[in-house]
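Residue numbering for the sequence shown is 0 to 285, as defined by numbering that gives the first Met the number 0. Positions of the beta carbon are idealized from the N, C-alpha and C atoms, including for glycine. Note sheet for the following structure.
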Amino acid sequence: MAMKTLHKRCAGLDVHKAEVVACLRLISERKVEREVRRFPTTTQGLLALAEWLESARCTHVAMEATGVYWKPVWHILEGHFVLILANAAHVKNVPGRKSDVNDATWLADLLAHGLIRSSFVPPPAIQELRDLTRTRRQLTREIVQHVQRIQAVLEEANIKLCSVITDIMGASGRRMLKAMIAGETDAEKLAALGHERLGCTRAELVEVLTGCVREHHRFLLGQHLRTIEQLEDSVAAFDARIEGALSPFHDIVERLKEVPGLGATATETVIAEIGTDMSPFPTVGH
0 MAMKTLHKRC AGLDVHKAEV VACLRLISER KVEREVRRFP TTTQGLLALA
50 EWLESARCTH VAMEATGVYW KPVWHILEGH FVLILANAAH VKNVPGRKSD
100 VNDATWLADL LAHGLIRSSF VPPPAIQELR DLTRTRRQLT REIVQHVQRI
150 QAVLEEANIK LCSVITDIMG ASGRRMLKAM IAGETDAEKL AALGHERLGC
200 TRAELVEVLT GCVREHHRFL LGQHLRTIEQ LEDSVAAFDA RIEGALSPFH
250 DIVERLKEVP GLGATATETV IAEIGTDMSP FPTVGH
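Following this line, the structure appears as structure tokens:
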């Protein structure tokens, strides 16, 4: 029994870094006609792809979500066709594919019969917000990595500061680190830089700050601390940018803040990942 054709004029795109392999699939007098062409992924190449598809009165276009390569293709074709972003694993698991059929042709055939489950692609404003929040999260992870490296250097120098201070990147910890980097080795003077509310005695500070900090250690500490401060400046810039990007969604942000346990960063991440329009998610399971 032949499968029902839902889209009579459609295309499948196999997107690579340097080129797009496109299969145009048309139904003409109950006969399936396919044409495969290759286009460079430059802007001019993608515009030529769009022009070719439009000239054939193509209505629907499917492509796989491969890395970031699909994004510029999507941006140029968006608004001209109904676009479907396919999950590569799902497409691979659909039975019936012949070994000699290329990816673009297989996508076009699946699309024609409505066999592709479209992945969620947020609108441009949400995509940009997602880029911002994901990059900020990565920068925050890098800060943590450099803090851990500072802790490792201190341990190597037998400075046990982390055993009495929970946050060595707090105000007191930074003052001590900067003094060590500047060449201070006197444990009494270093301990005097600690705030009285640190939760440990001056004697305890003196004991853990007595070590063997060499020039090599000072260099490493200085580089890590400088990198942390640069990353913190970047995170602050991202915070400001994210705040601006969220301004159109102010009411939604305020409502989400009322959810117990959902802080500011989590609220921003929720909006960035799923947007504010819930219609693409037909059930709770989605």
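Asked, Found
"CB contact flag (A64, L12, <8 Å)", "no"
"The alpha helix (DSSP H) enclosing G11, as first and last residue numbers", "Element bounds for G11: not the alpha helix (DSSP H) but the beta strand (DSSP E), R8 to V14."
"W73 versus R56: straight-line alpha-carbon distance, rounded", "18 Å"
"From T268, H215 and T275, residue whose alpha carbon lies closest to that of L131", "T268"
"Start and end residues, alpha helix (DSSP H) containing R201", "R201 to V207"
"Alpha helix (DSSP H) segments (min. 4 residues) lying fully within the stretch 210-246", "214-245"
"Of the listed residues I241, L204, A49 and K256, nearest to P39 (C-alpha basis)", "A49"
"Close-in-space but distant-in-sequence residues of the same chain around A88 (CB under 8 Å, 5 per side omitted)", "none"
"Residues sharing a beta bridge with A61, DSSP", "G11 and I83"
"Ordered list of alpha helix (DSSP H) runs contained in the stretch 138-201, each at least 4 residues", "170-180 and 186-190"
"Touch test, the stretch 211-220 against the stretch 135-153, Cβ-Cβ under 8 Å, three pairs minimum", "yes"
"Neighbourhood of H6 by C-beta distance below 7 Å, restricted to the same chain and skipping five residues each side", "T58, H59, L110 and A111"
"R136 versus A236, R33, G44 and V35, residue with shortest Cα-Cα distance", "A236"
"Neighbourhood of M179 by C-beta distance below 6 Å, restricted to the same chain and skipping five residues each side", "V212"
"Sheet register partners of I26 (DSSP bridge)", "V31"
"Inter-residue CB distance, A190 and R173 (contact presumed, cutoff 8 Å)", "So it is not a contact: roughly 15 Å between Cβ atoms."
"Exposure of S246, with buried meaning 16 or more beta-carbon neighbours within 10 Å", "exposed"
"Closest Cα partner of Q43 within the set K91, L255, T104 and V19", "V19"
"Three-state secondary structure (DSSP) of T266", "helix"
"7 Å CB neighbourhood of H194 in its chain, flanking five on each side removed", "A170 and S171"
"Other residues of its chain near D166: CB distance less than 7 Å, five sequence neighbours each side excluded", "G172"
"Separation of L45 from A265, as counted between CA atoms", "37 Å"
"Same chain only: Cβ atoms within 6 Å of V14, ignoring 5 sequence neighbours per side", "M62, T65, Y68, W69 and V72"
"Residues near D99 by beta carbon distance below 8 Å, same chain, minus five either side", "Any answer about D99 is weak, because its pLDDT of 47 lies below 50 and its placement is not dependable; what the coordinates show is given next. Excluding sequence neighbours, D99 sits near nothing in its chain."
"Within 8 Å, strictly: CB atoms of G198 and N157", "no"
"C-beta contact flag for A21 and A103 at 8 Å", "yes"
"Residues of its chain near R37, where Cβ-Cβ distance is below 6 Å and the 5 sequence neighbours each way are ignored", "E18 and V20"
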